[in-house]
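Remarks on the structure that follows.
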Amino acid sequence: MTTLGKSANEGIKDASQYLRGTILEGLANTATGSLSKDDQQLTKFHGIYQQDDRDIRKERRAKKLEPAYSFMIRVRVPGGVSSPQQWLDMDRIAQEHANGAIKLTTRQAFQFHGVIKSNLKKSIAEINEALFDTLAACGDVNRNVMCNPNPMQSKVHGEVLQLATEISDHLSPRTGAYHEIWIDDGTGEKVKVTYDPPRIDDIADPEEPIYGKHYLPRKFKTVIAVPPSNDVDIYAHCLGYIAILEGDDNIVGYNVTVGGGMGMTHGNEDTFPRLADVMGFCTPEQAVTVGEAVVRVQRDFGNRDVRTNARLKYTVERMGLDAFRDEVEKLCGFKLGKPRDFTFEDNGDRYGWIEDHLGNHHYTMFVENGRVRDTDDYPMMTGLREIAKVHEGDFRLTANQNLIISNISPEKKKEIEKLLTEYKMIDSHERSALRLNSMACVALPTCGLALAESQRYLPDLVSELDEVLDDAGLRHDAITIRMTGCPNGCARPYIAEIGFVGRAPGKYNLYLGGGFAGQRLSKLYAPSVKSTDVKTVLTPIIQDYAKNREDGERFGDFTIRAGYVKATEHGHDFHKDLVEPGLAL
Amino acid sequence: MSFPNLTPLQPDQQQLAQQLGAAVNPDQATWLSGFFAGIGFAGNGGDINPAAGLAASVEKQSMTILYGSESGNAEKLAGDMKKAAEKANFKARIVNMADAKPVDLKKADNLLVIVSTWGEGDPPDSATSYYEAFMSDAMPQLPNLKYSVCALGDTSYEHFCKIGKDFDERLSKLGGERVYDRADCDVDYEETFKSWLSGALGAFPQAEAVAAVAATSTAPAALVYDKKNPYEAEILEKIVLNGTGSDKETLHVEISLEGSGLTYEPGDSLGVYPENRAADIDAILAATGLTANAKLGDTTLAEALKRDFDITTLSPAIAMKYNEIVGNKDLQEVLDEKDRVTFKEWIHGRQLIDLLETYPHKDWSAESFTGILRKLSPRLYSIASSLKKHENEVHLTVAAVRYDTHGRDRIGVCSCYLADDVAVGEKVRVFFHSNKNFRLPENNETPIIMVGPGTGIAPFRAFVEERSADSATGKNWLFFGDQHFSYDFLYQLEWLDYLEDGSLTELTTAFSRDQKEKIYVQHRLLERGAEIWQWLEEGACFYVCGDASKMAKDVHQALIDITVAHGGKSADEAKAYVDALRKEKRYQRDVY
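Chains R and W are the protein sequences, given in the same order. To convert, note that position 491 of the first sequence is 491 in the working numbering; the numbers rise steadily by one, no gaps. To convert, note that position 545 of the second sequence is 1130 in the working numbering; the numbers rise steadily by one, no gaps.
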């Protein structure tokens, strides 16, 4: 850590004085809705992305207006649990400062879009007043920690949620920049974090004891799964904990996974999605320490010269799992145990009502692409607001961008059910199984990385494919279908059974063969398929599946057995063994 | 032709005059005699000044011409008055209320006043101090003064010509002798003004005959474009500056001056002659039962309604003229009511068409109907460009006015004419209107502060362009405001470029509807009060352009508050300080 990494972001971090940069000056400049280039990198650590409405760039130039800059704010919600009051607060912030909608992300966070610069500070202050924050929601640090929302087993959920919160707090940046800029205007005292457990040791950096002044080489994502559900997509994350249960509700420890990640770069075979490896087993008491150790090994061994190879997955790939584990154990001062057995069945959500063993009720509703908003014929946002006003349990954001209205007492159930009916949410999940297992990122018009449409297009594509599935009699057969507007993989398309990754406007790489439980990467089936050709390309495969599948055989497994694609056994084989599609595309 | 011996001409001049005399016909000779006797010749800088020779033998009476001007009309007419008075053999002197004290009227013998009325019966901005002092008890008696007043105004406002009336009555109370009755001019003031000037000059005890001739004589038509003779200019470009999602519709219009020889200065305005909207003409025709093709002079009624007459404005004056012909009892009743409370309430948000439909009358001729109408007057727009940046072009920033009242969609006649009716490549009738009360400081190093929310931004685009083209070193600080940052930041990219290259030192914005509480430019001024005070102390000029009814007043108050807060002055001292700024032309306004 003595020499500065060559990637441009390392220099920005180095000069930033622990993420301060010139953000305050930028906010004070009322002539532009933009922040400086370097500050735009730094605000990510504060949970803020500068974006602009790409649909209207040209129009605005002609009108002598700069691009329609606004900011996306990501709210960190460890484990995705929100109180009804917090829900109401988020709803109000969306109406008053953002574009009137809330996005539930693929990582159990709230997201606001369209917040203009002059409203940024107010929004973030109000988010903090609601007892959430946005610190480290993005940036080269440990981001929102996810866990299985698991309404069936409330004791287990309580424990994993507790662990998610502890890890989130423990790995939060300690810099005073966040509060200086957003909360107290740089004039007040640095606010103390509430949870600050002892660390392994201190590096000589009082301002950032875990990260140091250069933070991590790249983003870092942590999740906790409770088998048999892999809803959090454990294999797609840097650091994962798989809860190992004895009996129904006794967590004896966790299998620790490292080195998963989705993002890659088109045309660069040194970049690839990779599934996490199971590194070992730890007890619940050791979990936070192991997490810190993994972060610190990545801090010191991660690639700071080439940003596209900076994620932990490449560090593990380069060092090898054994060497990586050795470094972790060295820092921990203890050895990890042998991984225990576990089984994942799927990575989807269970929709509708369920009752837990205490007699409380939980309602999981389908939120298409996580977009909470009112439309003319579906006033979902209003309905959820009305429910939040009377609900006494909590709301849980799922990793599939859906929502659980959780812990409804038997006495309250009728009232909630009436509201669900009144606002047309009661049948939210009466859709095709394909739609219920669909997921898309934001992409155009606001995401600066997008090469093609995603959340504005996937719903229409699913409608097209539903016709084919209906004809084939597969309406109720779950197939995971995911789309992203660029190869960075926010909607985790490389572990879907059908994955689309944008290459250019109206053109997508089509991937097949992902595992239904998120346990296997997919493989490129056809590059740059025009959106108008997608149905034609997929129809014969779907018909083949309907006719020739074996009993209980998943679509992803079938496409491999039938030879449409080869199985991807490991991330570094992702780009290899392509089967010529033999189609004129 | 031969000259008598007492001719003042030198021999060679005599020879020239003889040659000229031989070359002209009798008509030309008559014209020349008037020309030499008069005055057109006075300023040519040569040695010959026949008028001076003529006048030398007579002790001239003085004539003070006092004006208060907002848009520049009164100022221009004061210039005409001076020329006419000199022709009538007065020693004439122009006094601007902005630079004078009313007690000096004690020294005057003969006085002509021309002053306009604004908004809710307010004096011109620059004449406020003068007016207040003049109306105050401290004003001395003026027993030896002879005077006449010309009031400028607009009959569509309630306090029509109020300030002129105030001057007239007050002068009389102070002991002055009104030698000629006051004229109250509407927006089409030319004829009323001319007849008043001729009459008034003749009423003073001096050179009656000459005055009458001088005031009515017409100068030879010049080859220049002006209000009477507008230039037909081609529209080069029209852009709606507001982004999609805005509630506003602000046009940027680029107009060609190619080949016209016309020029202007930053701060000037462009007059635009609108044409009435086809739908409004149709509605008027339907309501009156008149036909489009009806003859009116050498044109058709429809054509005249389109180009010549104001067919929207409704005022008590119009309604009275209307009812002189129509004789509607109900209408007469409300017009006769004391203070016309009922009628005033009724005309709020209504236009001529509502009068025609509510009190219908079908027995019209084209002449009788148009007889009640005012002329369609041009609209003045503050110019948004500098010739130094845009050769042969003039740019405007125009807010398209559209609203709905009493179940009818209404428009601003001229703004929507530009927005809807004239396309790029088509022509509009324009003329320039000089505004000497809104000028960049002569010294390029003088800092300037510009406050221009909404379309008030226009002259400041011209200012900054001019200063940028001149490589002026003075600091420039612009305050802009509108509804939404994302949609309504007029000319944003240009400002960002000027900030980048240093032509603009500071740009401070206030967007009223981006947050719950309304934020306006005056709030930003107060926030930055300490720095503004410092700039003023460095000699900065302070400019305001835009809405007169609220913004300009709030900004004025903010300026006083800043002077109190950061200049350590009392409220009265601060007022005096701001007044002094105005007198020194360091505080200039172009408000409407």
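We put the beta carbon where it would ideally sit given N, CA and C, even for glycine.
Simplified DSSP assignment, three categories, for residue i
i              : result
residue 1080/W : helix
residue 1172/W : strand
residue 999/W  : helix
residue 183/R  : helix
residue 1165/W : helix
residue 735/W  : strand
residue 4/R    : coil
residue 1043/W : helix
residue 456/R  : coil
residue 800/W  : Because residue 800/W carries a pLDDT of 46, less than 50, the predicted location of this residue cannot be relied on, and the following value inherits that uncertainty. Here residue 800/W sits in helix by DSSP.
residue 524/R  : strand
residue 1067/W : strand
residue 152/R  : coil
Cut-off 6 angstroms between Cβ atoms - residues of its own chain near residue i, not counting five sequence neighbours on either side
i             : result
residue 748/W : 700, 702, 708
residue 946/W : 911
residue 432/R : 466, 475
One or two residues paired with residue i in a DSSP bridge
i              : result
residue 362/R  : 354/R
residue 1062/W : 1034/W, 1091/W
residue 257/R  : 240/R, 278/R
residue 816/W  : 1015/W
residue 989/W  : 994/W
residue 45/R   : DSSP lists no partner for residue 45/R.
residue 529/R  : 508/R
residue 707/W  : 703/W
residue 966/W  : 855/W
Rounded straight-line distance, which links the Cα of residue j to that of residue i
i              : j              : result
residue 1134/W : residue 106/R  : 53 angstroms
residue 642/W  : residue 1015/W : Caution applies to residue 642/W, whose pLDDT of 43 falls short of 50 and renders its modelled position unreliable; the model cannot decide the point.
residue 936/W  : residue 910/W  : 18 angstroms
residue 39/R   : residue 1070/W : 21 angstroms
residue 822/W  : residue 837/W  : 8 angstroms
residue 1061/W : residue 69/R   : 26 angstroms
residue 1042/W : residue 1175/W : 11 angstroms
residue 869/W  : residue 916/W  : 19 angstroms
residue 1180/W : residue 385/R  : This structure leaves residue 1180/W out entirely; chain W is present only between 586 and 1177.
residue 781/W  : residue 849/W  : 31 angstroms
residue 238/R  : residue 423/R  : 39 angstroms
residue 882/W  : residue 959/W  : 17 angstroms
residue 475/R  : residue 117/R  : 45 angstroms
residue 920/W  : residue 1012/W : 41 angstroms
residue 456/R  : residue 1017/W : 52 angstroms
residue 967/W  : residue 1037/W : 11 angstroms
residue 480/R  : residue 56/R   : 33 angstroms
residue 225/R  : residue 984/W  : 59 angstroms
Beta-carbon proximity list for residue i, same chain, < 7 angstroms, skipping 5 on both sides
i             : result
residue 81/R  : 161, 394, 396
residue 448/R : 51
residue 740/W : 771, 900, 902
residue 934/W : 990, 991
residue 729/W : 694
beta-carbon residue i near the ligand SAM non-hydrogen atom, thresh 7 angstroms
i             : result
residue 924/W : This structure lacks the ligand SAM, and indeed carries no ligand of any kind.
Same chain only: Cβ atoms within 8 angstroms of residue i, ignoring 5 sequence neighbours per side
i            : result
residue 76/R : 47, 109, 132, 133, 134, 135, 136, 137, 143, 144, 168
Could you give the uninterrupted runs of the beta strand (DSSP E) lying entirely in the region 853 to 940 of chain W, keeping only those of 3 residues or more?
854 to 858
Residue ranges of each beta strand (DSSP E) run of no fewer than 3 residues wholly in the region 78 to 144 of chain R, ordered along the chain?
102 to 104, 110 to 115
Start-end ranges of the alpha helix (DSSP H) lying completely within the region 1105 to 1142 of chain W, minimum 4 residues:
1106 to 1112, 1114 to 1122
Return the chain-ordered ranges of every alpha helix (DSSP H) run that is complete within the region 739 to 782 of chain W and spans a minimum of 4 residues.
747 to 758
Please list the segments of the alpha helix (DSSP H) lying wholly inside the region 16 to 42 of chain R, counting only runs of 4 or more residues, in order along the chain.
23 to 28
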